[in-house]
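Numbering (this note's numbering), first residue to last: 11 to 212.
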């Protein structure tokens, strides 16, 4: 049996860019096994598959460590990607209420959810990104209004990442910005979930 451990927020269809470790028979009896230091501030995915193709059957995932953990099965079979860039012409705002001037470039992207379910939303960029998830609408003058979640480095390589249950009857907006002021560059917004989603630059 094969297994891969990856960190939140990257393409689950290949899981190479965020792969931490992968092995096959280290636990004996053709079972995978590994010892890994895990951080409480991160979300991890364990992907269980088989050595040979077209093999099915039941399995158990056994974890031992200093504390109990919780599992959530995610059927992340569909990936949607939105690519854009923060530029000099992009709007700016104060992403936290404590700054005195609007120096953070941002882009607000509406995500249309066609099927309710659990979705992973993450950035992929050379920039140190910061992400915010809003319900209904985003007002740059009041960035805490309608805020569902925010993320700095929850994904690998200084990228933001969310795991969130999203309803098809609701409107969601992801605001892509940066950790540091006056940073510009290209980025991709990667959404994995039960169905494809559509994007609209707000």
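Don't be surprised by glycine CBs; every beta carbon is placed ideally from N, CA and C.
Indicate the three-state DSSP secondary structure (helix, strand or coil) for residue 54 in the structure shown.
-> strand
Can you tell me the Cα-Cα spacing of residue 58 and residue 40, whole angstroms?
-> 13 Å
Pairwise C-alpha distance: residue 102 and residue 82 = 37 Å
Please name the residue or residues paired with residue 196 in a DSSP beta bridge.
-> 95
Whose CA, out of 191, 187, 181 and 171, lies closest to the CA of residue 201?
-> 171
According to DSSP, residues forming a beta bridge with residue 131 | 172 and 201
Considering only residues of the same chain and omitting the five flanking positions on each side of residue 222, which have a CB-CB separation below 7 Å?
-> The question about residue 222 has no answer here: the residues shown for the chain are numbered 11 through 212.
Can you give the beta carbon distance from residue 203 to residue 130, rounded, assuming they're within the 8 Å contact cut?
-> 7 Å
Measure from the alpha carbon of residue 151 to the alpha carbon of each residue in 70, 122, 193 and 116, then state which is nearest.
-> 116
Check whether the Cβ atoms of residue 139 and residue 55 lie closer than 9 Å to each other.
-> no
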